[in-house]
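Undergrad:
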Amino acid sequence: MTFAKRTEPRAMARKSERLLLVAILLLAAALRLWHLDFGLPALNDPDEPVFIMTTLDMLREGRLNPGWFGHPATLLFYLLALVIVAVAGLGELLGRWSGSDAFVAAVFADPGILVLPMRGLSVAFGVVSVWLTWRLGRRVAGPRTGLAAALLLACNTVHVELSQLIRTDMLATLLMCWSMLHALSATEDSRRRHPVWAGIAAGLACAAKWPAVLVLVAPLAAGLWRARCDTRALRLLPVAPVVALGTLLLVSPYLLLDYPAVLRDLTAEARPVHLGATGYGFLGNLGWYIRHPLAQSFGWPGLALIATGAFGIRRRPAAAIVLLPTAAAILIALAAQALVWERWIVPVLPIAAILAAIGLTKVADVFPSAWRTWCGGILLLALATWMASVTIERLARHAEDPRQAATAWVRAHVPPGRTILVEHAAFDLLPYRGRLLFPLGSAGCVDVRTALNKRPSYRRVNGLRQGSAIVDLGHVDVAQLATCDADVAILSNYARYAQEPGRFARPLAVYHRLLRHHRCVATFTSGPRQSDRGAQVCIRSVPRPRPAAARVTPAGPTPAIRR
Numbered sequence: 001m002t003f004a005k006r007t008e009p010r011a012m013a014r015k016s017e018r019l020l021l022v023a024i025l026l027l028a029a030a031l032r033l034w035h036l037d038f039g040l041p042a043l044n045d046p047d048e049p050v051f052i053m054t055t056l057d058m059l060r061e062g063r064l065n066p067g068w069f070g071h072p073a074t075l076l077f078y079l080l081a082l083v084i085v086a087v088a089g090l091g092e093l094l095g096r097w098s099g100s101d102a103f104v105a106a107v108f109a110d111p112g113i114l115v116l117p118m119r120g121l122s123v124a125f126g127v128v129s130v131w132l133t134w135r136l137g138r139r140v141a142g143p144r145t146g147l148a149a150a151l152l153l154a155c156n157t158v159h160v161e162l163s164q165l166i167r168t169d170m171l172a173t174l175l176m177c178w179s180m181l182h183a184l185s186a187t188e189d190s191r192r193r194h195p196v197w198a199g200i201a202a203g204l205a206c207a208a209k210w211p212a213v214l215v216l217v218a219p220l221a222a223g224l225w226r227a228r229c230d231t232r233a234l235r236l237l238p239v240a241p242v243v244a245l246g247t248l249l250l251v252s253p254y255l256l257l258d259y260p261a262v263l264r265d266l267t268a269e270a271r272p273v274h275l276g277a278t279g280y281g282f283l284g285n286l287g288w289y290i291r292h293p294l295a296q297s298f299g300w301p302g303l304a305l306i307a308t309g310a311f312g313i314r315r316r317p318a319a320a321i322v323l324l325p326t327a328a329a330i331l332i333a334l335a336a337q338a339l340v341w342e343r344w345i346v347p348v349l350p351i352a353a354i355l356a357a358i359g360l361t362k363v364a365d366v367f368p369s370a371w372r373t374w375c376g377g378i379l380l381l382a383l384a385t386w387m388a389s390v391t392i393e394r395l396a397r398h399a400e401d402p403r404q405a406a407t408a409w410v411r412a413h414v415p416p417g418r419t420i421l422v423e424h425a426a427f428d429l430l431p432y433r434g435r436l437l438f439p440l441g442s443a444g445c446v447d448v449r450t451a452l453n454k455r456p457s458y459r460r461v462n463g464l465r466q467g468s469a470i471v472d473l474g475h476v477d478v479a480q481l482a483t484c485d486a487d488v489a490i491l492s493n494y495a496r497y498a499q500e501p502g503r504f505a506r507p508l509a510v511y512h513r514l515l516r517h518h519r520c521v522a523t524f525t526s527g528p529r530q531s532d533r534g535a536q537v538c539i540r541s542v543p544r545p546r547p548a549a550a551r552v553t554p555a556g557p558t559p560a561i562r563r
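Just so we're aligned, residue 1 is where the sequence shown starts under UniProt numbering, counting upward by one.
1) Could you tell me which whole beta strand (DSSP E) segments of length 3 or greater appear in the UniProt domain "Glycosyltransferase RgtA/B/C/D-like" (116-255)?
2) Please report the straight-line C-alpha distance between Ile351 and Leu181, rounded to a whole angstrom.
3) Which one of Ala405, Glu188, Asn285 has the shortest CA to CA distance from Val322?
4) If you drop the 5 nearest sequence neighbours on each side, which residues of the same chain put their C-beta closer than 7 Å to that of Met1?
5) Spell out the partners DSSP gives Ala81 in its beta bridges.
6) I'd like the list of long-range same chain contacts for Leu19, defined as Cβ closer than 8 Å, with 5 residues on each side in sequence excluded.
7) Tell me Leu339's beta-bridge partners as DSSP assigns them.
8) Please state the DSSP three-state secondary structure of Arg435.
9) From Arg397 to Ala233, what distance separates their C-alpha atoms?
10) Please report how far the alpha carbon of His159 lies from the alpha carbon of Val488, in whole angstroms.
11) Give the secondary structure of Ala370 by DSSP, where H, G and I count as helix, E and B as strand, and everything else as coil.
12) Quick one: using the 10 Å Cβ neighbour count with 16 as the cut-off for buried, is Arg449 buried or exposed?
13) Compute every distance between the C-beta of Ala86 and the non-hydrogen atoms of the ligand NAP, then say whether any falls below 8 Å.
14) With distances taken from CA atoms, which of Ser252, Pro431, Met387, Arg32 is nearest Leu79?
15) Take the Cβ of Leu355 as the centre, count every other Cβ of all protein chains shown within 10 Å, and call the residue buried at 16 or more, exposed below.
16) Between the Cα of Pro523 and those of Trp225, Lys454, Ala408, spot the shortest distance and give me the residue it belongs to.
17) At a cut of 8 Å, does the segment 263-270 reach the segment 218-228 through at least three beta carbon pairs?
18) Please report how far the alpha carbon of Val476 lies from the alpha carbon of Tyr494, in whole angstroms.
19) Helix, strand or coil for Pro66, going by three-state DSSP, please let me know.
20) Roughly how many whole angstroms lie between the Cα atoms of His35 and Arg411?
21) Using the three-state DSSP reduction, which class does Phe524 fall into: helix, strand or coil?
22) Who are the near neighbours of Tyr254 in its chain, counting only those whose CB is closer than 6 Å to its CB and skipping five residues on each side?
23) How big is the Cα-Cα spacing for Ser369 and Ser122?
24) Confirm, please, whether the CB-CB distance from Ala240 to Ala183 is below 9 Å.
25) Apart from the five residues on each side of it in sequence, which residues of its chain come closer than 8 Å, Cβ to Cβ, to Glu342?
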């Protein structure tokens, strides 16, 4: 009876923990599913078409070689191929289409057929990474820390937004968390299975995104720590790197078989400048990551908790030796890059959430023992509520993208029969009864409907880009500018180039040459700053030599729409 009474509170605690974990995972899923259809049928993220088209090419041509290794993204391509096969089979079973040609035609008419389930896969990656963060936090400092870390990551706006995109970041982060979990086990005993599994996870993560190789710092640091009391751990140090390399080549053998493509794509990815993402030097980059993605997603109070947790974790040296060097290695690598991207910080977020949870415990310890649990819970809920509100606001802003506002304006003000030039994947303009043009590097501006009817291949599109980072009007071959003559131009990047004229003089010159007779008739922005990345869209009327009655003119005063 006494034993039963002792175990009853533990059972209740475990049940409460499981219920809270389920609630946190449901919250994580709800936030990531909200506005998952943003932009559709248009594709606002420029990288989503890369992954969709490459996977379609692989299936249509019956090849396992992706032919593109920029991330390298091989593991993601194979998973997306499974999604396509499942969607195609289900649609054919339901009578939506018959045969692969009809399926591909349906996808190019409405990309949402594939985009939504593919984004759903990314949501699943995000939710699983929240679960793994709970496991990591629990191993490091107990159930409360695990739950607090999971809640903070569930509400983190950067993590949520990247969970809604068809990209490699969330898959790589999930696998890196898995590798760190096994690295923690390697600090407790010298069994071979821990570095083996840590290496497998690291290799899979690297097959998704190259920088994930940095997670190998975790098992190496764990092995060195373990070697202090068990010299057998030293013999196991090479295991994780060797297994990671073997796993990478097993999953993506074409890294060797098609190494010229690997070198080509890695060279193309290593750019010294990029529109809106050029770095500021080592210290400047480090400050940018702290001020922007970290401070904007955790808040300055959250950053203070992270710093407190980084100091407080010293009392758990085995955990500190795994988490802190891994986070430091990633931050140093990011700061050393020529570019800065918000998405690159994603692998650090689970560690930051765990440190913030530990810091929260340290702050709660300041209060009298009778109040600590309540005070810690209130502080956690306050921070999580603020983070969730920031996330909801940003998701709502994404759902009202200026590019969709621009196409709505075109449908309302531009009569049928005109030629419209767009710089983004404006599938929402396909119903418009007029010619649609899209800039495509050396090919000039191509007819959108003609290109879609030919089932475009990403390999061909990538070749026409001629190595440019962005597909837009500024990178069209000057000799082909005549093909871009249009009545209306919806410009996504012109204002962004204008913010950096010194770096992008050539693209600006192309815009000025083509648009010298145009005038801006509508501007749509996502905020008060005209330099907001991806937010400035201009619609310009093109005065051609034609009867005045046929020219496109705005109805009423020029609108300037801001959300």
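Here a beta-carbon is modelled for each residue, glycine too, at the ideal position from N, C-alpha and C.
TA: Taking the definition as stated:
1) Listed in chain order, there is nothing to give.
2) Approximately 11 Å between the Cα atoms of the pair.
3) Here the closest residue by C-alpha is Glu188.
4) With a pLDDT of only 47 at Met1, under the threshold of 50, the placement of this residue in the model should not be trusted; the figure read from the coordinates follows. So no residue of the chain qualifies.
5) DSSP lists no bridge partner for Ala81.
6) Within its own chain, no residue has a Cβ closer than 8 Å to the Cβ of Leu19 once the five positions on either side in sequence are excluded.
7) Residue pairing for Leu339: DSSP places it in a beta bridge opposite Thr278.
8) Of the three classes helix, strand and coil, the one that applies to Arg435 here is strand, per DSSP.
9) If I take the Cα positions, the gap works out to 51 Å.
10) One C-alpha to the other measures close to 37 Å.
11) Residue state, collapsed to three classes: coil.
12) With fewer than 16 Cβ atoms within 10 Å of its Cβ, Arg449 is classed as exposed.
13) Looking at this structure, you won't find the ligand NAP or any other ligand, since it has none at all.
14) In this structure, Ser252 is the residue among Ser252, Pro431, Met387, Arg32 with its C-alpha nearest to the C-alpha of Leu79.
15) Classification for Leu355: buried.
16) Reading off the sequence shown, one finds Thr at residue 523, where the question assumed Pro. Of the listed residues, the one whose Cα sits closest to Thr523 is Ala408.
17) Result no; under three Cβ-Cβ pairs closer than 8 Å.
18) Going from the Cα of Val476 to the Cα of Tyr494 covers about 13 Å.
19) In the three-state scheme derived from DSSP, where H, G and I count as helix and E and B as strand, Pro66 is classed as coil.
20) Cα-Cα distance, rounded: 23 Å.
21) If DSSP states are grouped into helix, strand and coil, Phe524 belongs with the strands.
22) Sequence-distant partners of Tyr254 (beyond 5 residues in either direction) whose C-beta falls short of 6 Å from its own C-beta, in its chain, are Asn65.
23) Taking the straight line joining both Cα atoms gives about 42 Å.
24) Taking 9 Å as the Cβ cut-off, Ala183 and Ala240 qualify as a contacting pair.
25) Closer than 8 Å at Cβ, skipping near neighbours: Val158, His292, Pro293.
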